[in-house]
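To start, the structure itself, in structure tokens.
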Amino acid sequence: MKKKNIFSIKAAYNLSKKIIREVTFAKDESTIGWVVKNKNSLYIKDLEKDKRFSKKGNINYNIQQLLIIPIIIEGEVKGIMNLDNNTSFTTDTINLLESLSEQAAVAINNAHLYHKIQDSYFEIVKALAQAMEAKDPYTHGHSARVMEY
């Protein structure tokens with residue numbers, strides 16, 4: 001996600017780089033909005049008949065079926081998996097993709113937590129170095145100078 005209420009395409013198959021770079025979706029827009037609001041997967045078997053589906057970005061929508069699965073982290077939709085097909089998605093396929101979404105959410109959250117821990121670690125080391133330097137006026141600022149070098 002680029003902004004808090006905007007989804008952008010981060011990975012895609014069979015879409016041009018221009019579309020991936022330029023097309024964004026508001027969290028409250030059409031099918032994506034429904035998935036974000038309900039925090040559930042959405043499977044549409046006939047796109048032409050579903051009013052929630054909006055054509056965007058001059059994408060070639062030569063598809064009949066759409067499956068949107070939320071990536072939920074700490075109770076909030078942080079991303080979506082948007083899959084389309086000309087044939088039906090089987091129940092097994094949907095279950096597998098929902099499991100994949102859950103695993104992706106865990107991996108994304110773990111990466112975020114790892115970065116937070118890493119940032120905290122560096123802040124602790126910095127505070128410890130400053131505390132040690134505060135005891136001796138001769139070494140005051142030494143760690144900061146070493147870090148900049």
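According to UniProt numbering, the sequence shown is numbered sequentially starting from 1. Yeah, the Cβ is synthetic: ideal placement off N, Cα and C, and Gly gets one too. Predicted model, so just to flag it, every value in this text is computed and none were measured.
The beta strand (DSSP E) with residue 85 in it runs from where to where? For the purposes of this step, residue 85 is taken as the residue at position 85 of the sequence shown. For residue 85, the enclosing beta strand (DSSP E) has its first and last residue at 76 to 85.
In whole angstroms, what is the alpha-carbon distance linking residue 34 and residue 70? What you label residue 34 is simply residue 34 of the sequence shown in a count that begins at 1. What you label residue 70 is simply residue 70 of the sequence shown in a count that begins at 1. Distance between the alpha carbons of residue 34 and residue 70 is about 10 Å.
Buried or exposed (CB count within 10 angstroms, at least 16 for buried), residue 75: Indexing the sequence shown from 1 puts residue 75 at position 75. It counts as exposed.
Where residue 124 falls: helix, strand or coil (DSSP): The residue you call residue 124 lines up with position 124 of the sequence shown. In the three-state scheme derived from DSSP, where H, G and I count as helix and E and B as strand, residue 124 is classed as helix.
Which of the three DSSP states is assigned to residue 160 in this structure? Any question about residue 160 goes unanswered here, given that the chain covers just 1 to 149.
Between 49, 46, 13, 80, which lies nearest to residue 28 when the distance is taken from Cα to Cα? The sequence position of residue 28 within the sequence shown is 28, counting from 1. Among 49, 46, 13, 80, the Cα nearest to that of residue 28 belongs to 80.
State the Cα-Cα distance for the pair residue 20 and residue 92, rounded to the nearest angstrom. Translated into positions along the sequence shown, residue 20 becomes position 20. Translated into positions along the sequence shown, residue 92 becomes position 92. The straight-line gap from Cα to Cα measures roughly 29 Å.
Cα-Cα, which of 113, 88, 8, 39 is closest to residue 45? Here residue 45 refers to the residue found at position 45 when the sequence shown is read from its first residue. Sorting 113, 88, 8, 39 by C-alpha distance to the C-alpha of residue 45 places 88 at the top.
What does DSSP give as the partner residue(s) for residue 24 in the beta ladder? Along the sequence shown, read from residue 1 onward, the residue named residue 24 stands at position 24. Beta-bridge pairing links residue 24 to 8.
Report, in whole angstroms, the separation of the C-beta atoms of residue 42 and residue 6, which I expect to be a contact under 8 Å. Here the question's residue 42 lines up with position 42 in the sequence shown. Here the question's residue 6 lines up with position 6 in the sequence shown. Rounded, the Cβ-Cβ distance is 19 Å, inconsistent with contact.
Since residue 84 contacts residue 65 with CB under 8 Å, what's their CB separation in whole angstroms? Counted from its first residue, the sequence shown places residue 84 at position 84. Counted from its first residue, the sequence shown places residue 65 at position 65. By a beta-carbon distance limit of 8 Å, residue 84 contacts residue 65. Their separation comes to about 7 Å.
Take residue 47 as the anchor and find which of 63, 36, 95 has the nearest alpha-carbon. For this step, residue 47 is matched to residue 47 along the sequence shown. Nearest option by C-alpha distance: 63.
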